[in-house]
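Worksheet: one structure, shown below.
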Amino acid sequence: MSDRTAPRVAVIGAGPAGLMAAETAAARGCTVDVYDAMPSPGRKFLLAGIGGLNLTHAEPSAAFVTRYRERQPELAPLLERFGAAALRTWAAKLGIETFVGSSGRVFPKEMKAAPLLRAWLHRLRQAGGRLHVRHRWLGWDDARGGDKDPTRGLRFATPEGECLIAADAVILALGGGSWAKLGSDGAWMPWLAQRGVELAPLKPANCGFDVGLLAGNAAAGWSAHFRERFAGAPVKSVAAHITDARGQTHERAGECMISVSGIEGGLIYALSAPLRDTIEATGSATLHLDLAPGRSLERLATDLARPRGARSMASHLQSKAGIEGVKAGLLRECTTKDVLADANRLAAVIKALPIVLAAARPLDEAISSAGGVLFEALDDRLMLRALPGVFCCGEMLDWEAPTGGYLLTACFATGRAAGLGAVDWLDALHAGD
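For reference, each letter of the sequence shown is one residue, going 1 to 433 in full-length UniProt numbering.
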């Protein structure tokens, strides 16, 4: 693209997807302006990196793409062009060295998001990109041409009052509906719906769940005793499985945490999609926890059947099954006394403790969200079919993935694809100039 024809691209949203789209378009000769509602860019990106920025994952690409469930066909080509390896190379060119952790997760050597973001913004500015913070998008002003050309009449609320922006192409990278205080509030949904864009409702993803009616309790939820003693306690070295409404079983191993109203943590986030969908379909979902994944059912039953003499049940569980603390509390909370008194039934429950879940936690508490702009509403360049010249990327698209670097990788990949798509569309539009 020559300087003479350099078009203006407006990128709305300064998270990973928006910044990648901006960098991609700027590197190909576009004049790029990035608008963000927050006082500074990458707020959610920085917060996610406080405990160590999990940039991507090093597992083989064939396994990697399966993490995107039903949207694997749409995301696989984008990840093939810019996946985990390309992302690490990109970070290295920013001066950010990465390493693979024991779980296969990829982190910056410094374990922080801020150095990467600073280097990234510096490179974007060097390429001519301009950043406008405290610019909250308000949709289109139809009286100023927004009804006829969706790249015109873009309304923004700023500290100085409302302003209108026009561009040659627009890239929307507005995020989903989680963590509204950091800018991802889903306010864009009705504006796109009014213009005929196909959308799926936003839903919580990578979220915790509220427990329902448990076998050991008279009312739904944790008992007051269990909640007061174990809320915030980690449940380590467990495995979990759930059979969804279609009869498919999903299994994961790891750890989780007891919350005031239910259960959350990495293991639960990895299963949140089938748990959420099963609750929507049937009204509840039963999560089964294996509290002793290193022991067989037969061994547990044999060990628990040994006479305990004068020892308490707590001592017996600890010595014969390695069950203590929060795990012992869960057994008492989710089973009945007659089960605890029967070695065979107790062993079976330890290997598959049923925890009834009644609801996902609210969307704004979730790490990420599902739903948003359907891929069917986009062409191969990620341009909205209903709004020529407007492209979408990142978490506002209808896909979801577990934590572990998969979320960020797809945000980067879709951002790059939208940037390339905008440039290709502009080149084709002005091919005869």
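Glycine is no exception: its CB is placed at the ideal position from the N, C-alpha and C atoms. None of these values were measured; they are calculated from a predicted model.
Inter-residue spacing [alpha-carbon to alpha-carbon] between residue i and residue j
{"i": "residue 354", "j": "residue 286", "result": "6 Å"}
{"i": "residue 377", "j": "residue 71", "result": "14 Å"}
{"i": "residue 225", "j": "residue 275", "result": "26 Å"}
{"i": "residue 157", "j": "residue 134", "result": "8 Å"}
{"i": "residue 320", "j": "residue 403", "result": "35 Å"}
{"i": "residue 3", "j": "residue 29", "result": "Because residue 3 carries a pLDDT of 46, less than 50, the predicted location of this residue cannot be relied on, and the following value inherits that uncertainty. So the two alpha carbons sit approximately 7 Å from each other."}
{"i": "residue 96", "j": "residue 60", "result": "22 Å"}
{"i": "residue 139", "j": "residue 192", "result": "8 Å"}
{"i": "residue 415", "j": "residue 33", "result": "15 Å"}
{"i": "residue 231", "j": "residue 335", "result": "19 Å"}
{"i": "residue 254", "j": "residue 290", "result": "11 Å"}
{"i": "residue 146", "j": "residue 379", "result": "21 Å"}
{"i": "residue 183", "j": "residue 45", "result": "11 Å"}
{"i": "residue 58", "j": "residue 85", "result": "8 Å"}
{"i": "residue 510", "j": "residue 326", "result": "Here the chain covers residues 1 to 433 and nothing more, so residue 510 does not appear."}
{"i": "residue 51", "j": "residue 136", "result": "28 Å"}
{"i": "residue 159", "j": "residue 39", "result": "11 Å"}
{"i": "residue 205", "j": "residue 405", "result": "15 Å"}
Contacting residues, own chain, Cβ-Cβ under 8 Å from residue i (five flanking each side not counted)
{"i": "residue 434", "result": "This structure does not reach residue 434, given that the chain is present from 1 up to 433, and the question cannot be answered."}
{"i": "residue 340", "result": "313, 331, 332, 346"}
{"i": "residue 430", "result": "5, 7"}
{"i": "residue 311", "result": "319"}
Beta-carbon proximity list for residue i, same chain, < 6 Å, skipping 5 on both sides
{"i": "residue 207", "result": "272, 360, 361, 366"}
{"i": "residue 419", "result": "21, 24, 25"}
{"i": "residue 223", "result": "217"}
{"i": "residue 371", "result": "200, 201, 202, 203, 398"}
{"i": "residue 278", "result": "244, 245, 285"}
{"i": "residue 256", "result": "235, 263, 265, 267, 268"}
Beta-carbon contacts of residue i that lie in its chain and below 7 Å, excluding the five residues immediately before and after
{"i": "residue 401", "result": "67, 68, 407, 410"}
{"i": "residue 424", "result": "381"}
{"i": "residue 318", "result": "324"}
{"i": "residue 180", "result": "364"}
{"i": "residue 329", "result": "226, 229, 230"}
{"i": "residue 422", "result": "9, 25, 169, 171, 391"}
{"i": "residue 259", "result": "208, 231"}
{"i": "residue 101", "result": "107"}
Beta-carbon spacing of residue i, residue j below 9 Å
{"i": "residue 351", "j": "residue 305", "result": "no"}
{"i": "residue 36", "j": "residue 132", "result": "yes"}
{"i": "residue 6", "j": "residue 31", "result": "yes"}
{"i": "residue 18", "j": "residue 394", "result": "yes"}
{"i": "residue 240", "j": "residue 267", "result": "yes"}
{"i": "residue 178", "j": "residue 210", "result": "no"}
{"i": "residue 176", "j": "residue 315", "result": "no"}
{"i": "residue 127", "j": "residue 27", "result": "yes"}
{"i": "residue 197", "j": "residue 426", "result": "no"}
{"i": "residue 78", "j": "residue 417", "result": "yes"}
{"i": "residue 55", "j": "residue 106", "result": "yes"}
{"i": "residue 91", "j": "residue 116", "result": "yes"}
{"i": "residue 12", "j": "residue 154", "result": "yes"}
{"i": "residue 413", "j": "residue 81", "result": "yes"}
{"i": "residue 164", "j": "residue 111", "result": "no"}
Nearest neighbour of residue i, chosen from the options [CA to CA]
{"i": "residue 357", "options": "212, 257, 229, 43", "result": "212"}
{"i": "residue 243", "options": "334, 252, 146", "result": "252"}
{"i": "residue 174", "options": "413, 412, 220, 15", "result": "15"}
{"i": "residue 76", "options": "85, 87, 62", "result": "62"}
{"i": "residue 324", "options": "299, 234, 277, 279", "result": "234"}
{"i": "residue 185", "options": "396, 159, 296, 116", "result": "396"}
{"i": "residue 302", "options": "102, 343, 315", "result": "343"}
{"i": "residue 88", "options": "255, 108, 379", "result": "108"}
{"i": "residue 113", "options": "49, 246, 278", "result": "49"}
{"i": "residue 104", "options": "64, 92, 93", "result": "64"}
{"i": "residue 148", "options": "387, 413, 94", "result": "387"}
{"i": "residue 250", "options": "264, 259, 269, 257", "result": "269"}
{"i": "residue 296", "options": "308, 322, 80", "result": "322"}
{"i": "residue 247", "options": "237, 236, 282", "result": "282"}
{"i": "residue 288", "options": "142, 375, 238, 73", "result": "238"}
{"i": "residue 374", "options": "183, 160, 189", "result": "189"}
{"i": "residue 119", "options": "94, 99, 110, 143", "result": "94"}
{"i": "residue 195", "options": "91, 327, 162, 141", "result": "141"}
{"i": "residue 298", "options": "349, 159, 80, 102", "result": "349"}
Beta strand (DSSP E) segment containing residue i, residue limits
{"i": "residue 162", "result": "161 to 165"}
{"i": "residue 356", "result": "353 to 360"}
{"i": "residue 258", "result": "249 to 258"}
{"i": "residue 10", "result": "8 to 12"}
{"i": "residue 375", "result": "Counting along the chain, residue 375 falls outside any beta strand (DSSP E), and DSSP gives it neither H nor E."}
{"i": "residue 154", "result": "154 to 158"}
{"i": "residue 384", "result": "Run containing residue 384: none; DSSP gives neither H nor E here."}
Opening and closing residue of the alpha helix (DSSP H) in which residue i lies
{"i": "residue 222", "result": "Segment: none, residue 222 is in no alpha helix (DSSP H) and carries neither H nor E."}
{"i": "residue 188", "result": "That residue, residue 188, is in no alpha helix (DSSP H); it is neither H nor E in DSSP."}
{"i": "residue 421", "result": "406 to 429"}
{"i": "residue 18", "result": "16 to 27"}
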